[in-house]
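Asks: Heads up: take any position in the sequence shown, counting from 1, add 964, and you land on our numbering. All residues carry an ideal CB built from backbone N, CA and C; glycine is no exception. First the structure, which I've put down as structure tokens, then a few questions once you've had a look.
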Amino acid sequence: MLRIRISEKFRLLVGWSFRHLAIVPLLLALCLIPQSQVFSQPARVKEREGRILEIQRLFGQGDLGGARKLLDEASKMFPGDAGLDNLLGIIEAQEGNFAAAERSFKRALTRDRKFTGAYLNLGRLYQERSADDPQALTKALNVYRRLLRYEPVNAEANYQSAVLLMMKDAYHSSLDHLLRLPAKMRESAQVLSVSCANYAGLGRAERANEMARRLIAHPDFSEPDVSAILPALTGGGRDDLSVELLEGLRKRRPLSAESTRRLGLAYERAGKLIESRAALELSVSGDRPAVALLVELARVARKQRDYQGALGYLAHARDLEPNNAGLHYFFGLGCLDLNLVAEARAAFERAVKIEPENPAYNYATGAASTFRHDPEEAIPYFEKYVQLKPQDARGKLALGAALLRAKRYDEATSMFMKVVKVPGASTAAHYYLGSIARQNGRLDDAIQELNQALKADPDYADALAELGQCYLMRREHEQAGKLLRRALEIDPDHYTANFNLLTLYARTKDPNEASQAARFEEVKKMREEKSQEFLRMIEVRPYSVP
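This is the structure:
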């Protein structure tokens, strides 16, 4: 009987290529293939083992075709052999035939329900498939549980169970499996890593810190030990530990581009924006940075209030993926940070053309269109938004406001009436209904609606200015002045309130007329300048790799 020593050093298997794992399952298969009564004759046993060794040799040389051919011949000579099914599963997995590999491993387990090697191989196969199968990790965990029922001290099954339970936030159960490992294995870098994540997830800060320190000092500490636990550390609110571990590793050797990127993201979550941006920039490799990385850089730049820099990253990302609607949308939002509404609208419009059924893109295009000279331009986009999200009162308010600007009063009134009793929308709806009534000369209705709005929000500057104008039209000058001055206390640059207060002073020959006229000219000039700024286009230099 062949005996192969299996290394005690573990590696996290999730995300690894199966070809990195194939040799160990093959060795396990040789150790753990049971000797049934069919093969009790020494000659047949010797021939079987010889064929298995030859299959192993061909497999190790990368001759999968030769290994498969020899395996087919052996299967005919030894039908019903669970060990040969296991070997076939390994070859299928190596060739990327995951469904066939799964069938082979399951067939081996049907023939021998205590075939440890087949359990481990099937568990690894499911872990390898986790990116394509949402249930794969649960399947893997169930496979290891079945193995542990009859072999509760199996080191690899306990370790892999601990990893999977950590990923499911079952930190107590994960620690329980780690405690079943031999003492020497519990001191390995891989186990210290998972322990650190578990303690962080449980909120046991001191133990998590201790494990992190021991891990950093461990001679086998490597990037996979950190990358595997970063999601758990983030979930446990321990981005400081993520930073500490990655910085500790960087002191030993340069980080890979991916780990440098992860350090940048950890810095961002920890609020270290300068360090975050520097690390993300450093993680750029080659002449074509990944779009996802450019978006991350843009996000960090925006948090730094470097809006021009953020647009630069997004401009380059759009060049790389011109048909990515989300990039055009994010670019538009970046333009709004700089009050570049015309450029924002152009970006939103491109996003809508690519994904016409996206409600957010339609709403954004409609909102940016409200600043254009033709108020009708915003209406189709808000109509589309209302069609896509009929329960969102915000869309009806926006559509009603656009209809109001276009002087389509009846349609606007109908839209506002649909949300006038909706919490969160009723205040604005009353304001708009009051504005329509005032423009139609129905001052009593206007005052009633505007008072409803101010009852809900006494500091609503637009409603105060509108109501002041109503009283001005009724020549109730004292009340008009009171409301207009209150509006300007809240918003000193309010255009309508400043204009109507000037009108009031002119009518009443108020000595403050001259100073108010000067003030109104200031506000008017600011409005014109802002309008021009809104309408101007800019040229954004795309991000370039140094």
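1) Examine the Cβ distances between the stretch 1078 to 1089 and the stretch 1114 to 1124 and report whether three or more of them are shorter than 8 Å.
2) Using beta-carbon positions only, say whether residue 1350 and residue 1332 come within less than 8 Å of one another.
3) In this structure, does DSSP put residue 1013 in helix, strand or coil?
4) Three-state secondary structure (DSSP) at residue 1025?
5) Quick one: Cα of residue 1353 to Cα of residue 1376, how far?
6) For residue 1343, count neighbouring C-beta atoms within 10 Å of its own C-beta (all shown protein chains included) and say buried if the count is 16 or more, exposed if not.
7) When the distance is taken between beta carbons, is residue 1200 closer than 8 Å to residue 1234?
8) Taking 7 Å as the cut-off, is the beta-carbon of residue 1475 closer than that to any non-hydrogen atom of the ligand FAD?
9) When you compare the stretch 1097 to 1113 with the stretch 1163 to 1178, are there three or more beta-carbon pairs, one atom per stretch, that lie closer than 8 Å?
10) In three-state DSSP terms, what is residue 1280?
11) Could you name the residues of the same chain whose beta carbon sits closer than 7 Å to that of residue 1212, not counting the 5 residues immediately before and after it, in chain order?
12) Residue 1314: buried (16+ other C-beta within 10 angstroms of its C-beta) or exposed?
13) Would you mind stating whether residue 1152 and residue 1175 have Cβ atoms separated by less than 8 Å?
14) Give the DSSP-derived three-state secondary structure of residue 1334 in the structure shown.
15) Check each candidate in 1111, 1022 and 1128 and name the one with the smallest Cα separation from residue 1094.
16) Rounded to the nearest angstrom, how far is the Cβ of residue 1231 from that of residue 1240, given a contact under 8 Å?
17) Cα separation between residue 1380 and residue 1461?
18) For a quick check, are the C-beta atoms of residue 1155 and residue 1145 less than 8 Å apart?
19) DSSP three-state label for residue 1510, please.
20) Under DSSP, the alpha helix (DSSP H) around residue 1133 begins and ends at which residues?
21) Between the alpha carbons of residue 1403 and residue 1273, how many angstroms are there, rounded?
22) Roughly how many whole angstroms lie between the Cα atoms of residue 1286 and residue 1322?
23) How long is the line joining the alpha carbons of residue 1112 and residue 1346, rounded to whole angstroms?
24) Quick one: what does DSSP say residue 1349 is sitting in, helix, strand or coil?
25) Just to confirm, are residue 964 and residue 1420 a CB contact at a threshold of 8 Å?
26) Decide if residue 1092 is buried, meaning its Cβ has at least 16 other Cβ atoms within 10 Å, or exposed.
27) Going by beta-carbon coordinates alone, are residue 1361 and residue 1383 separated by less than 8 Å?
28) Just how far apart, CA to CA, sit residue 1451 and residue 1463?
29) Keeping to the same chain, check which residues put their C-beta closer than 6 Å to that of residue 1444; ignore five residues upstream and five downstream.
30) Could you tell me the alpha carbon to alpha carbon distance between residue 1356 and residue 1394, rounded to whole angstroms?
31) Under the rule that 16 or more other beta-carbon atoms within 10 Å means buried, what is residue 1148, buried or exposed?
32) How would you call residue 1378, buried or exposed, if buried means at least 16 neighbouring beta carbons within 10 angstroms?
33) Run through DSSP, which three-state label would residue 1424 get?
34) My understanding is that residue 1425 touches residue 1457, with C-beta atoms under 8 Å, so please give their C-beta distance in whole angstroms.
35) Please go through the same chain and pick out, in chain order, the residues whose beta-carbon is closer than 8 Å to the beta-carbon of residue 983, but skip the five residues on each side of it.
36) Entirely within the stretch 1119 to 1189 and at least 4 residues each: give me those alpha helix (DSSP H) ranges in chain order.
Replies: So, to answer that:
1) yes
2) Numbered from its first residue, the sequence shown carries residue 1350 at position 386. Numbered from its first residue, the sequence shown carries residue 1332 at position 368. The answer is no: Cβ separation not under 8 Å.
3) Position 49 of the sequence shown holds residue 1013. It is helical.
4) For this step, residue 1025 is matched to residue 61 along the sequence shown. In this structure, residue 1025 counts as coil in the three-state DSSP scheme.
5) Looking up residue 1353 in the sequence shown gives position 389. Looking up residue 1376 in the sequence shown gives position 412. One C-alpha to the other measures close to 18 Å.
6) Counted from its first residue, the sequence shown places residue 1343 at position 379. By the neighbour-count rule (16 or more Cβ atoms within 10 Å), residue 1343 is buried.
7) Position 270 of the sequence shown holds residue 1234. Position 236 of the sequence shown holds residue 1200. No, the pair does not count as a contact, with Cβ atoms beyond the cut-off.
8) This structure lacks the ligand FAD, and indeed carries no ligand of any kind.
9) no
10) The residue labelled residue 1280 in the question sits at position 316 within the sequence shown. Three-state DSSP puts residue 1280 in a helix.
11) Walking along the sequence shown from the start, residue 1212 turns up at place 248. For residue 1212, where only same-chain residues beyond five positions count, the Cβ hits under 7 Å are 1180.
12) Locating residue 1314 in the sequence shown gives position 350, counting from the first residue. When all chains shown are included, residue 1314 counts as buried.
13) Position 188 of the sequence shown, counted from the start, is the residue given in the question as residue 1152. Position 211 of the sequence shown, counted from the start, is the residue given in the question as residue 1175. No. Outside cutoff.
14) Counting from 1 along the sequence shown, the entry for residue 1334 is found at position 370. Residue 1334: coil per DSSP, three-state reduction.
15) Taking the first residue of the sequence shown as 1, we reach residue 1094 at position 130. When each option's Cα is compared against that of residue 1094, the closest is 1128.
16) By 1-based counting over the sequence shown, the position of residue 1231 is 267. By 1-based counting over the sequence shown, the position of residue 1240 is 276. With 8 Å as the limit, residue 1231 and residue 1240 qualify as a contact, their Cβ atoms being about 4 Å apart.
17) Against the sequence shown, residue 1380 aligns to sequence position 416. Against the sequence shown, residue 1461 aligns to sequence position 497. Each residue's alpha carbon lies about 24 Å from the other.
18) For the purposes of this step, residue 1155 is identified with residue 191 of the sequence shown, where counting begins at 1. For the purposes of this step, residue 1145 is identified with residue 181 of the sequence shown, where counting begins at 1. The answer is yes: Cβ separation under 8 Å.
19) The count along the sequence shown starts at 1 and reaches residue 1510 at position 546. Confidence is the limiting factor: at residue 1510 the pLDDT is only 32, short of 50, which leaves the residue's position unreliable and the question unanswerable from this model.
20) The residue you call residue 1133 lines up with position 169 of the sequence shown. Where residue 1133 is concerned, there is no enclosing alpha helix (DSSP H), given that its DSSP letter is neither H nor E.
21) Counting from 1 along the sequence shown, the entry for residue 1403 is found at position 439. Counting from 1 along the sequence shown, the entry for residue 1273 is found at position 309. Those two C-alpha atoms are separated by around 44 Å.
22) As a position in the sequence shown, residue 1286 is number 322, starting the count at 1. As a position in the sequence shown, residue 1322 is number 358, starting the count at 1. Those two C-alpha atoms are separated by around 17 Å.
23) Working through the sequence shown from its first residue, we reach residue 1112 at position 148. Working through the sequence shown from its first residue, we reach residue 1346 at position 382. Near 59 Å, if we compare the C-alpha coordinates of residue 1346 and residue 1112.
24) Residue mapping note: residue 1349 aligns to position 385 of the sequence shown, counting from 1. Helix.
25) Outside the shown range of the chain (965 to 1510) lies residue 964, about which nothing can therefore be said.
26) Counting from 1 along the sequence shown, the entry for residue 1092 is found at position 128. Counting Cβ neighbours within 10 Å, residue 1092 comes out buried, since at least 16 surround it.
27) Residue mapping note: residue 1361 aligns to position 397 of the sequence shown, counting from 1. Residue mapping note: residue 1383 aligns to position 419 of the sequence shown, counting from 1. Yes, these two residues count as a Cβ contact at 8 Å.
28) Position 487 of the sequence shown, counting from 1, holds the residue named residue 1451. Position 499 of the sequence shown, counting from 1, holds the residue named residue 1463. The straight-line gap from Cα to Cα measures roughly 12 Å.
29) Your numbering for residue 1444 matches position 480 in the sequence shown. The residues are 1432, 1435, 1436 and 1468.
30) Along the sequence shown, one-based indexing puts residue 1356 at 392. Along the sequence shown, one-based indexing puts residue 1394 at 430. Between residue 1356 and residue 1394, the C-alpha separation is close to 17 Å.
31) In the sequence shown, residue 1148 corresponds to position 184, counting from 1. It is exposed - the Cβ of residue 1148 has fewer than 16 other Cβ atoms within 10 Å.
32) Reading the sequence shown from its first residue, position 414 is the one you call residue 1378. With fewer than 16 other Cβ atoms within 10 Å, it is exposed.
33) For this step, residue 1424 is matched to residue 460 along the sequence shown. The answer is coil: DSSP assigns residue 1424 none of H, G, I, E or B.
34) Stepping through the sequence shown from its first residue, residue 1425 is reached at position 461. Stepping through the sequence shown from its first residue, residue 1457 is reached at position 493. So it is not a contact: roughly 10 Å between Cβ atoms.
35) As a position in the sequence shown, residue 983 is number 19, starting the count at 1. Because residue 983 sits at a pLDDT of 29, beneath the cut-off of 50, its placement in the model cannot be relied upon, and the point is left open.
36) 1119 to 1131, 1135 to 1143, 1147 to 1150, 1153 to 1165 and 1169 to 1181
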